[in-house]
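Under our numbering, residues 337 to 475 are what the sequence shown spells out, in order. Glycine residues also receive a C-beta, built at the ideal position from the N, C-alpha and C atoms. Computed from a prediction, not measured in an experiment: that's the story for all the values here. Okay, so here's the structure we're looking at.
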Amino acid sequence: MNEIDLPNKVWTILPERMKVNRVHRVPLSSRAIEILELMQKFQCNEFIFPGSKKGLSNMAMLQLLKRMGCDDLTVQGFQSTFRDWAAETTAYSNEVIEMALAHTIKNMPEAVYHRGDLLEKRSQLMSDWAEFCNVKPES
337 MNEIDLPNKV WTILPERMKV NRVHRVPLSS RAIEILELMQ KFQCNEFIFP
387 GSKKGLSNMA MLQLLKRMGC DDLTVQGFQS TFRDWAAETT AYSNEVIEMA
437 LAHTIKNMPE AVYHRGDLLE KRSQLMSDWA EFCNVKPES
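Dropping the structure here:
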C-alpha cells in the first residue's frame, strides 16, 4: 500500500512500473477507496491483492476472465471501453481522457509546454466512470 495515499485518494505509480517511465498519479474514486480500505483489513504483506507468494502477475486479470468463461474479453478491452465511454458520453477533453490512460501527448509542440497532469479533472472523470460502472443493469 506504499503507493496509495488514502487521505488524498491518489495512487502514485512509480516510473519503473510505467511504460513511459514517468510517475503516473491515478485519482481514486470513493468506491475504489472503500475497496482498498476493506482489503487493508486482510493485508498479509506489502501487496493489496496478494498472490500466493507475491503480488499478482500481469496475467492475473486475463486468467480470471478465462476462468469466468469470458474468453472474448481482454484487459486491453477494458481500456478501450473506458476510452469509448469517455469520448462518446462525456464532455471531458481528449487530453484529460488520454492522461487518465497514461498516454503521452502525440503533438510535440503541445507536449513541450504541458507539464501538469490534470489530476483534478481526471479525479472527476474517474468518479463519473465509477458511477457508470456501478449502475446495476435493468432486469
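- Under the 10 Å beta carbon count, L364 is surrounded by 16 or more other beta carbons and is classified as buried.
- According to DSSP, residue pairing for H360 in a beta bridge involves I349.
- For V432, the enclosing alpha helix (DSSP H) covers residues 430 to 436.
- The beta carbon of E339 lies closer than 8 Å to those of W347, T348, I349, L350 in the same chain, with the five residues before and after it left out.
- No residue range can be given for C406, since it is assigned to no alpha helix (DSSP H) and is classified by DSSP as neither H nor E.
- One Cα belongs to F418, the other to F468, and the distance between them is close to 10 Å.
- Going by C-alpha positions, R353 is about 32 Å away from V471.
- Beta-bridge annotation (DSSP): G391 is paired with P386.
- Minimum Cα-Cα distance from V432 among the listed residues R458, G387, S393 corresponds to R458.
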